[in-house]
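Numbering (my numbering), first residue to last: 1019 to 1381.
Worksheet: the structure to be examined is printed underneath.
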């Protein structure tokens, strides 16, 4: 899973400690936030995630008081740290709840009141072992069974129950994006639709998106859709399958914002996942794809054998998908390509205008 602390190694670029310093790598030009501007919203959300990374690094390096590097990542946008989310297994900081000062949120429906942010994997210090364990749980569709996620979802539920669901944001990067996505899906199933900003959310499947030949790529996806839809149709009387379909439909009104990099194999399959659905509609096979996209072949095979399967994390019916199209233009993006990860810094600093991205709504 992409990490923030080790995903870049360019000697000519900023060092890991530089990237933790807001005044060196933060969007210092963003002195006034327009909460209706999608670029501003994205940049602030990314900075708040970076704040969680640096909170944990401050803890590891024992940086306190004036030596701490984390506070500018939220204070620069007039947020205050409401709560740190601590993992019960290793006492590391994996998330944070931020509160926007009321003077900036009053009368502005686009501004968040609370933001719940989750970091991704950190490869330094004592957090790595636990983070790697969580990464494995994501691959196995078992993130919901972990104590870290339970702490996270309880925090989300508490904020919503105490302060209401309006103007509450979820955000995260990589592993943290998976946490935020799962929390958002759980809330959406209860009819609570939270704004979500998910940077490089993991999508584990065969790396079809890396195939250069578009006809071959489409052929493989088409065959997969037909097989998946056929299995789902054959098992339509299966209660688990029907339940999966009904929960998938319940998520349709939720529109999380996904930010992905085509060069990052961890998240790039989201591009093909949504593009293929449109292609299937265009050739008159939309019904097949609408059924196929609700299921995974692995889950259907487990159900056929009488075993319980978990809903794959990446299956969502709708999204506002933003694709980073500047991945080769800077050393930071190049190193992200080499490492297979897209650092949260790239979403904070390098993408300063909407022209750096292709953004479209998939529903």
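Backbone N, C-alpha and C fix where the C-beta goes; we use that ideal spot for every residue, glycine too.
On a predicted model such as this, the values are computed, not experimentally measured, just so you know.
Worksheet item: For the beta strand (DSSP E) that contains residue 1278, what are its first and last residues?
Response: 1275-1278
Worksheet item: Does the distance from the CB of residue 1096 to the CB of residue 1126 come in under 8 Å?
Response: no
Worksheet entry | Spatial neighbours of residue 1086 in its chain, beta-carbon cut-off 6 Å, leaving aside the 5 residues before and after | 1076
Practice prompt. From the DSSP output, in three-state form, read off residue 1101 for me.
Written response: strand
Fill in: Presumed contact (8 Å Cβ cut-off) between residue 1154 and residue 1146, rounded CB distance
Not quite, the Cβ-Cβ distance comes to about 13 Å (not below 8 Å), so this is no contact.
Discussion item. Would the stretch 1062-1079 count as touching the stretch 1278-1295 if we require 3 or more Cβ pairs under 8 Å?
Written reply: no
Fill in: Sheet register partners of residue 1118 (DSSP bridge)
1097
Worksheet item: From 1093, 1132, 1069, pick the residue whose C-alpha is nearest to that of residue 1111; which is it?
Response: 1069
Discussion item. Given a cut-off of 8 Å on the beta-carbon distance, is the pair residue 1278 and residue 1339 in contact?
Written reply: yes
Discussion item. Checking 8 Å against the spacing of the C-beta atoms, do residue 1193 and residue 1214 come in under that value?
Written reply: no
Practice prompt. Taking only runs that begin and end inside the stretch 1174-1233, name each unbroken alpha helix (DSSP H) of 4 or more residues, in chain order.
Written response: 1193-1207
Practice prompt. State yes or no: is the C-beta of residue 1088 within less than 8 Å of the C-beta of residue 1103?
Written response: no
Worksheet item: DSSP three-state call for residue 1156: helix, strand or coil?
Response: helix
Worksheet item: Given a threshold of 16 other Cβ atoms within 10 Å of its Cβ, counted over all protein chains shown, does residue 1098 qualify as buried or as exposed?
Response: exposed
Worksheet entry | Beta-carbon proximity of residue 1280 to residue 1216, cut-off 8 Å | no
Fill in: Simplified DSSP state of residue 1171, which is helix, strand or coil
helix
Fill in: C-alpha gap between residue 1082 and residue 1272, whole angstroms
39 Å
Fill in: Nonlocal neighbours in the same chain, by C-beta distance under 7 Å from residue 1177, ignoring five residues either side
1115, 1132, 1134, 1186
Item to complete: Identify whether residue 1134 lies in helix, strand or coil by the three-state DSSP scheme.
Response: strand
Practice prompt. State yes or no: is the C-beta of residue 1156 within less than 8 Å of the C-beta of residue 1196?
Written response: yes
Discussion item. Do residue 1109 and residue 1040 have their beta-carbon atoms positioned less than 8 Å apart in this structure?
Written reply: no
Worksheet entry | Range covered by the alpha helix (DSSP H) that runs through residue 1067 | 1056-1079
Discussion item. Which residue wins for smallest C-alpha separation from residue 1043, given the options 1128, 1226, 1064, 1137?
Written reply: 1064
Discussion item. Buried or exposed, going by whether 16 or more other CB atoms sit within 10 Å of the CB of residue 1163?
Written reply: exposed
Worksheet item: In its own chain, which residues sit with a C-beta less than 6 Å from the C-beta of residue 1222, not counting the 5 before and 5 after it?
Response: 1157
Worksheet item: With 16 other CB atoms within 10 Å as the buried threshold, where does residue 1181 fall?
Response: exposed
Discussion item. I'd like to check one pair, residue 1166 with residue 1231: are the Cβ atoms closer than 8 Å?
Written reply: no
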